[in-house]
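In this note's numbering, the protein residues as written are 78 to 595.
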């Protein structure tokens, strides 16, 4: 796995695309807070207040922020954490497959498949969902714990393992409430599918273990979800039902056509293109299909319970992705809080798990042939690596020696603002003023997270829908007014802004000292 995640540790700066802007900023803010002996749930560096949901899943930010505090380098800390989480995800898939009855070779295929599946890399690194690295890393472990607990002959001996798995589910919720919610749902589906094969009459004590896992997860996760729920009426989340229904859906060619996001074997048309889906691996899909067949064959015989459960969860995940617009999915509570493509996270894991069970099925078919165990797993590993290994040849970072940032602005442009903020940081304080970008041609996330990172100065806008109402009802409409009012009045040499009195009063209300434009 370390070989296949080497691209995380390449030289260069992050591209600050999409959500990575706020994620990098939150990690840097956490490192600064730790240096002052604080653990932040919110920050006044972004937005106009302190909503509880501002860090909306603090585990990643606290973990990466701790590394940043120790290493004194936010980029290096993030690269180490991202690579470590990617490796941990593979170990988790291996452990879950082993607990489900796979031999080492078959479990290795599951682990390496989860690591190599290109959507995993695209989702976390290329799309900038850095926070999801820990969701991928933790997702397999509740399944592992559930398998271990349900496999105990005496259910009482499985209680400690079930509690451990439930605690990990809770940490998933604390990492990202939306994905944590659906991680609980898929864990429940996995457990119910497994218990349905054995028969309910003989499995009531084990039903209790499943409920213990889910109950512990809900109890731990409630530390974030309950205050978030009570707080949302004061934030952008309370204006209506938050949903991602407008997000484009992945198409079949997203998952079936070989791609490393830089190159497509079958290039999509401009009208069809979106980045909300990624290549899963035809070899992995083929092995997983074998695993689904194995699960179907073993259903009647009540064998390989884990193969049945993994197959059901894989089919459920695929239905959530490609049946996202159907009435049945819309009836599921909170299905809209994730876009269709986001459910590929669960598809990726259960696809890898089914691939492991598929290899196990092939091994059982060849068991009378000498060395079949090793040859089956070895051939499957070679096929997966040949298919998905080339997608790891990535260099996702920008030139570390570049004099301009991701917004194509010179670092020298920020020097005077940054130098003044340093004096406040040395005293353990935030600057007592704000800075804003006043041009409409800059990417929205760049004038929040990136602007903070380059100036270490508070910004009145915030990147998250959980910001306070003032961001949506005043800051953003006002900044659009600023854009329109100053655009015609820029001085010829670009060094002076002519601001009318109304705009000046609004900037004063926001306590803005620096108005930047280009």
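All residues carry an ideal CB built from backbone N, CA and C; glycine is no exception.
Since we're looking at a predicted model, the values are computed, not measured.
(request) Just confirm the distance between the C-beta atoms of residue 381 and residue 434, as a whole number of angstroms; I'd bet it's less than 8 Å. (result) 7 Å
(message) Counting beta carbon pairs with one atom in the stretch 323 to 332 and one in the stretch 295 to 312, are three or more of them shorter than 8 Å?
(response) no
(message) Is residue 165 a contact residue of the ligand ATP, with contact defined as CB to any heavy atom under 8 Å?
(response) Among the components modelled here there is no ligand, and therefore nothing to report on the ligand ATP.
(message) Quick check on DSSP: helix, strand or coil for residue 493?
(response) helix
(request) Would you tell me roughly how many angstroms separate the C-alpha atoms of residue 343 and residue 508, rounded to the nearest one? (result) 51 Å
(message) Taking the straight line between their C-alpha atoms, what separation do you get for residue 557 and residue 173?
(response) 51 Å
(request) Would you tell me roughly how many angstroms separate the C-alpha atoms of residue 345 and residue 335, rounded to the nearest one? (result) 12 Å
(request) In angstroms with no decimal places, state the Cα-to-Cα distance between residue 592 and residue 468. (result) 43 Å
(request) Could you check the C-alpha separation between residue 425 and residue 197 for me, to the nearest Å? (result) 7 Å
(request) Label residue 485 either buried or exposed according to how many other C-beta atoms from any shown protein chain fall within 10 Å of its C-beta, with 16 as the threshold for buried. (result) exposed
(request) Select from 144, 533 and 414 the residue whose C-alpha is nearest the C-alpha of residue 314. (result) 414
(message) Quick check on this structure: which residue in 294, 312, 181 and 141 has the alpha carbon closest to the alpha carbon of residue 208?
(response) 141
(request) Identify, in the order they occur along the chain, each residue of the same chain with its Cβ nearer than 7 Å to the Cβ of residue 354, setting aside the five sequence neighbours on each side. (result) 327, 328, 331, 332, 418 and 421
(request) Find out if the Cβ-Cβ distance for the pair residue 212, residue 155 is shorter than 9 Å. (result) no
(message) Please list the terminal residues of the continuous beta strand (DSSP E) segment that includes residue 593.
(response) 589 to 593
(message) Give me the residue from 386, 429 and 295 with the minimum Cα distance to residue 361.
(response) 429
(message) So within the stretch 242 to 323, which uninterrupted alpha helix (DSSP H) runs reach at least 4 residues, ignoring any that extend past its ends?
(response) 254 to 275 and 281 to 308
(message) Are the CB atoms of residue 264 and residue 246 within a distance shorter than 9 Å?
(response) yes
(request) Return the first residue and the last residue of the beta strand (DSSP E) that residue 514 is part of. (result) 511 to 514
(request) Check residue 472 in the structure and name its three-state DSSP category. (result) coil
(message) At 4 residues or longer, what runs of the alpha helix (DSSP H) sit wholly inside the stretch 394 to 456?
(response) 404 to 408 and 421 to 442
(message) Quick check: what's the CA-CA separation for residue 306 versus residue 132?
(response) 14 Å
(request) Can you check DSSP and say which residues form a bridge with residue 54? (result) For the chain, the structure presents residues 78 to 595; residue 54 sits outside this window and is missing.
(request) Kindly indicate which three-state DSSP category residue 211 falls into: helix, strand or coil? (result) helix
(message) DSSP has residue 341 in a bridge; who is on the other side?
(response) 336
(request) Would you mind working out which of 90, 560 and 166 sits nearest residue 477, comparing C-alpha positions? (result) 90
(message) So for residue 584, helix, strand or coil by DSSP?
(response) helix
(request) Measure the alpha-carbon distance for residue 524 versus residue 587 and round it to whole angstroms. (result) 15 Å
(request) Quick one: residues in its chain with C-beta nearer than 7 Å to the C-beta of residue 577, no 5 flanking neighbours on either side, listed in chain order? (result) 562
(message) Can you tell me which residues form a DSSP beta bridge with residue 487?
(response) 481
(message) Assess contact between the stretch 522 to 538 and the stretch 117 to 132, defined as three or more Cβ pairs (one per stretch) separated by less than 8 Å. Is contact present?
(response) yes
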